[in-house]
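Chemist: Take this structure first; my questions come after.
Number of protein chains: 4
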Amino acid sequence: MPEPLIAKHRLEALVDGVFAIAMTILVLEVKVPDLVDRRSTAELLHRLQHAWPTLAAYLLSFCLLGLFWFWHHRLMAKILRVDVPVFALTLWFLALVSFFPFAAALMGRYPVNPVALMIYLPTMGLLLTTQAANFALALHRGCVDPDIPQAEIFAAQRRNLRGCALFFLAAAPSAARIGPISLILCLLVAGAFFLLMRRYRTPKAAPAA
Amino acid sequence: MPEPLIAKHRLEALVDGVFAIAMTILVLEVKVPDLVDRRSTAELLHRLQHAWPTLAAYLLSFCLLGLFWFWHHRLMAKILRVDVPVFALTLWFLALVSFFPFAAALMGRYPVNPVALMIYLPTMGLLLTTQAANFALALHRGCVDPDIPQAEIFAAQRRNLRGCALFFLAAAPSAARIGPISLILCLLVAGAFFLLMRRYRTPKAAPAA
Amino acid sequence: MPEPLIAKHRLEALVDGVFAIAMTILVLEVKVPDLVDRRSTAELLHRLQHAWPTLAAYLLSFCLLGLFWFWHHRLMAKILRVDVPVFALTLWFLALVSFFPFAAALMGRYPVNPVALMIYLPTMGLLLTTQAANFALALHRGCVDPDIPQAEIFAAQRRNLRGCALFFLAAAPSAARIGPISLILCLLVAGAFFLLMRRYRTPKAAPAA
Amino acid sequence: MPEPLIAKHRLEALVDGVFAIAMTILVLEVKVPDLVDRRSTAELLHRLQHAWPTLAAYLLSFCLLGLFWFWHHRLMAKILRVDVPVFALTLWFLALVSFFPFAAALMGRYPVNPVALMIYLPTMGLLLTTQAANFALALHRGCVDPDIPQAEIFAAQRRNLRGCALFFLAAAPSAARIGPISLILCLLVAGAFFLLMRRYRTPKAAPAA
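Residue numbers (the UniProt record's numbering), protein chains in the order written: chain P, 1 to 209; chain C, 1 to 209; chain R, 1 to 209; chain F, 1 to 209.
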């Protein structure tokens, strides 16, 4: 019975809504400063200079959310139907997306504090991993459009896993700042993703299903 | 006259919007702490540890809202047209949805205070009850898709009522913490929902309308 | 040249988004109180009791926004195309909608202060008037679906004007609390709307265009 | 390979969402004042009088965002498909849109401070320039609907560039308040846009592609 399916257009509306709000909420962290002298150019400039890390974190996080949206959108375009497990993982993905502004705010306020990194990087890592896992789950559960040739599906999944692996490699120097265990963990996860990519090697001359 | 109907796609857009915002607003309650020493790892960790109840309440409430969205979406898929009474009850449902972040924030800030439970649990109970009532109303007013066999409709409504009954049973221990009257009320409501389920017993060999 | 038209589905998406956010933002005014003793039931109950006017203003304003959405949605269903002047008036309508949470917050915080009424009532009056004016403008500019019989269009417009007139009548006692000039103004506007209704009297046996 | 395209309806949903939220967030800056005497008409009126610049900035910025939405919507109607570079520039446009409420808040709080202008005007300038650049990019990359005659496309682009040029001319007096370099820069940019318009002069008797 194909009954417990979720209408794709409504899930997309929810996803687009959560992304749009998360992206706009990022900027709420950039606060209008309270000035002693309302007309003082020097004071306002000085106060806004302190807002630079927040602004940079805003722009970076906005672009990252945009990338995640793009990536999610590309994967959803390959999915024909959404069943309950895929929906549950998408919900967890959305929970991470709407948590992201908090991680970005922490990063913007305390850029030099390693704890901010300890929140920001794992949030991003989870976002990337969840996305790759969701596509693998959709593939496993037969939710992917059967008209798309398997070579293309596998190429998408390899791109997902490579993205995850490269992120964990890129995060290694930051992880090293937190501690040696973080660094080792980070490199192990990156290695695991590289290994996983082998599962999605394109079979030679795979006929389209 | 079939005139005073609401376009389903626009009501869905409103519902998806309210849900997306309520889900994203939940995290606004997780505040970035103000540190004395901006670089102190220990201080930031210590301050974030205090945010754990808030974070847990955020995740739980996000998942609950996701479940409510899923449930609402499943019922709406069975509804063919929306008339004014069904719209009015949907509006009341949305009012509860957008009130939910407040109840969740209260719960996250004061997890050990019984009053927070006294707000959180009834809000959830009302959400569940409203949803079940809305589907019963839609059924009563002929808004449900006549192509769906009655057995399936009745099964959906039994699931709705069982969900309500189980929620009130699960809430009983928490209700007991508030006082004996709450506990009795909670159990009576749960019983009432179990009794109501009998109204939607599938008639044997019901022909599809 | 029918070029400068706005795609209706995108304007609807914008309207639904602004309404969804305005409705959800209302509840942000209901603040989680700061307690001295985090476990004190009495203190939390006492603090929440002070939140009742805010809560009541929230629920009332939520319902009003829901009504405005419903009303707008009913009028938009009759409009076939949106041109620049209709869009401009819709934008002004949206500016009022997103200003509404501020008026509601003022009303919830200072329910006994006449100034709060002086903001809340005119905002509502402007919302109602804008809506009626927008439909009249769409009618005047030929944006209304020509397949709808004129009798039905005129009945909708009479309902719009009656709604405005009744609102200004209902607001008269509150206006009287502000001052005699407000009362007179309020009654004059109500009268003007009743007079305007005569313009939309259904012509006898109007043939459908 | 026409693969890396973005579904237009989903990008529109994201854009509409970001605009709706940015427009509604503008009003969050209009704060409900804290009164010493909750019933004092004089005190509340006095406090709200100070909110006038904020309110005026709110209305102006709401209308500007509405205009940007309208303009973006008109250009998107001419675009048939969205590829990665056009998406990237649209993302940057959205980052500016969601930054706009901060610039508006700064302007509303410190209308007499030249630094507020130094943030508000360049944000607007960047919004206008990005929009014109995005359409030029879409044109360059063959994303524009080939059924639209080139004369019409070129007219749209001339309107875009004229809009940018006129904005920088109109901003010149404000730029002069910041300093002579700003003024010169502003006039140079305006001139550059006027020169650029010549590139989009309609060729005589251009056949539709």
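Note that CB positions come from ideal geometry on N, CA and C, so glycine has one too.
Report the residue ranges of all alpha helix (DSSP H) runs contained in full by the stretch 111-193 of chain R; include only those spanning at least 4 residues, in chain order.
Modeler: The qualifying runs are 114-140, 150-178.
Chemist: Taking the C-alpha atoms as reference points, what is the distance between lysine 78/F and phenylalanine 168/F?
Modeler: For lysine 78/F and phenylalanine 168/F, the distance between alpha carbons rounds to 26 Å.
Chemist: Just how far apart, CA to CA, sit alanine 51/R and valine 30/R?
Modeler: The alpha-carbon atoms of alanine 51/R and valine 30/R are separated by roughly 7 Å.
Chemist: Sort out for me which residues DSSP pairs valine 82/P with in a bridge.
Modeler: The partner list for valine 82/P (beta bridge, DSSP) reads Ile6/P.
Chemist: Go through its chain and collect everything with a Cβ distance to histidine 140/P's Cβ below 6 Å, but skip five positions before and after it.
Modeler: Same-chain partners within the cutoff: there are none.
Chemist: What residue range does the alpha helix (DSSP H) around tyrosine 200/F cover?
Modeler: Counting along the chain, tyrosine 200/F falls outside any alpha helix (DSSP H), and DSSP gives it neither H nor E.
Chemist: Along the chain, which unbroken stretches of the alpha helix (DSSP H) at least 4 residues long are found entirely within the stretch 9-66 of chain F?
Modeler: Qualifying alpha helix (DSSP H) stretches, in chain order: 41-49.
Chemist: Flag glutamate 12/R as yes if its beta-carbon sits less than 8 Å from any beta-carbon of chain C, otherwise no.
Modeler: By this cut-off, glutamate 12/R is an interface position.
Chemist: Take alanine 132/P as the anchor and find which of Val112/P, Arg38/P, Gly66/P, His72/P has the nearest alpha-carbon.
Modeler: Among Val112/P, Arg38/P, Gly66/P, His72/P, the Cα nearest to that of alanine 132/P is on His72/P.
Chemist: Any C-beta of chain R within less than 7 Å: which residues of the stretch 162-180 of chain F qualify?
Modeler: The residues in question: there are none.
Chemist: Would you report the Cα separation of leucine 26/F and leucine 59/C, rounded to the nearest angstrom?
Modeler: So the alpha carbons of these two residues sit roughly 28 Å apart.
Chemist: Check the Cβ-Cβ distances between threonine 130/R and every residue of chain C, and say whether any is below 8 Å.
Modeler: Chain C contact via Cβ: absent.
Chemist: Are the stretch 145-152 of chain R and the stretch 107-122 of chain R touching by the rule of at least three beta carbon pairs closer than 8 Å?
Modeler: No: fewer than three Cβ pairs fall under 8 Å.
Chemist: Would the stretch 155-165 of chain F count as touching the stretch 174-187 of chain F if we require 3 or more Cβ pairs under 8 Å?
Modeler: Result no; under three Cβ-Cβ pairs closer than 8 Å.
Chemist: Using 10 angstroms around the beta-carbon of arginine 201/F, count the other beta-carbons present and answer buried if the total reaches 16, otherwise exposed.
Modeler: Looking at its Cβ environment, which holds fewer than 16 other Cβ atoms inside 10 Å, arginine 201/F is exposed.
Chemist: If you measure between the beta carbons of phenylalanine 62/F and methionine 23/F, is that distance less than 8 Å?
Modeler: Yes, the Cβ-Cβ distance between phenylalanine 62/F and methionine 23/F is below 8 Å.
Chemist: Cβ of methionine 118/R less than 8 Å from any chain C Cβ?
Modeler: Not an interface residue.
Chemist: Less than 8 Å between the beta carbons of valine 144/F and alanine 136/F, yes or no?
Modeler: Against a cut-off of 8 Å, the Cβ pair of alanine 136/F and valine 144/F comes out as no contact.
Chemist: Once DSSP output is grouped into helix, strand and coil, what is the label at alanine 104/P?
Modeler: Reduced to three states, the DSSP call for alanine 104/P is helix.
Chemist: Suppose you measure from the CA of leucine 187/R to the CA of glutamate 12/R; what does that come to, to the nearest Å?
Modeler: Going by the C-alpha atoms only, they are around 34 Å apart.
Chemist: Measuring alpha carbon to alpha carbon, tell me which residue in Ser40/R, Leu35/R, Thr123/R, Leu14/R is nearest leucine 67/F.
Modeler: Considering only alpha carbons, the answer is Leu14/R.
Chemist: Closer than 8 Å, Cβ to Cβ, to anything on chain R: give me those residues from the stretch 27-58 of chain F, in chain order.
Modeler: Listed by position along the chain: Val27, Leu28, Val30, Val32, Leu35, Arg38, Arg39, Ser40, Thr41, Leu44, Leu45, Leu48, Tyr58.
Chemist: So, are the CB atoms of valine 82/R and isoleucine 6/R less than 8 Å apart?
Modeler: Against a cut-off of 8 Å, the Cβ pair of isoleucine 6/R and valine 82/R comes out as a contact.
Chemist: Quick check: is the beta carbon of valine 82/P nearer than 8 Å to any beta carbon in chain C?
Modeler: Chain C, which has no Cβ nearer than 8 Å to the Cβ of valine 82/P, makes this no.
Chemist: Report yes if the C-beta distance between proline 33/C and arginine 10/C is below 8 Å; otherwise report no.
Modeler: No, the Cβ-Cβ distance between proline 33/C and arginine 10/C is not below 8 Å.
Chemist: What residues in the stretch 104-118 of chain C have a beta carbon less than 8 Å from any beta carbon of chain P?
Modeler: Flagged: no residues at all.
Chemist: For proline 114/R, which residues in the same chain have their Cβ closer than 8 Å to its Cβ, ignoring the five residues on either side in sequence?
Modeler: Result list for proline 114/R: Arg177, Ile178, in chain order.
Chemist: Would you check if the distance between the CB atom of valine 86/R and the CB atom of leucine 65/R is smaller than 8 Å?
Modeler: Not a contact, by the Cβ cut-off of 8 Å.
Chemist: What three-state label does DSSP hand alanine 77/F in the structure shown?
Modeler: Of the three classes helix, strand and coil, the one that applies to alanine 77/F here is coil, per DSSP.
Chemist: What is the rounded straight-line gap between the Cα of glycine 17/R and the Cα of leucine 45/C?
Modeler: Cα to Cα, the separation comes out at about 37 Å.
Chemist: Which same chain residues, not among the five before or five after alanine 209/F, have their C-beta less than 8 Å away from its C-beta?
Modeler: With a pLDDT of 45 at alanine 209/F, under the threshold of 50, the modelled position of that residue is not reliable, and the figure given next carries that caveat. Excluding residues within five positions, the ones whose Cβ falls inside 8 Å are Pro146, Gln150.
Chemist: If you measure from the CB of threonine 130/R, is any heavy atom of the ligand ZN nearer than 7 Å?
Modeler: This structure simply doesn't include the ligand ZN, nor any ligand for that matter.
Chemist: Using a Cβ cut-off of 8 Å, pull out every chain P residue sitting near alanine 136/F, in sequence order please.
Modeler: Per Cβ cutoff of 8 Å: no residues; alanine 136/F is ~21 Å from chain P at best.
Chemist: Is proline 173/C buried or exposed, if buried means 16 or more other CB atoms sit within 10 Å of its CB?
Modeler: Burial call: exposed.
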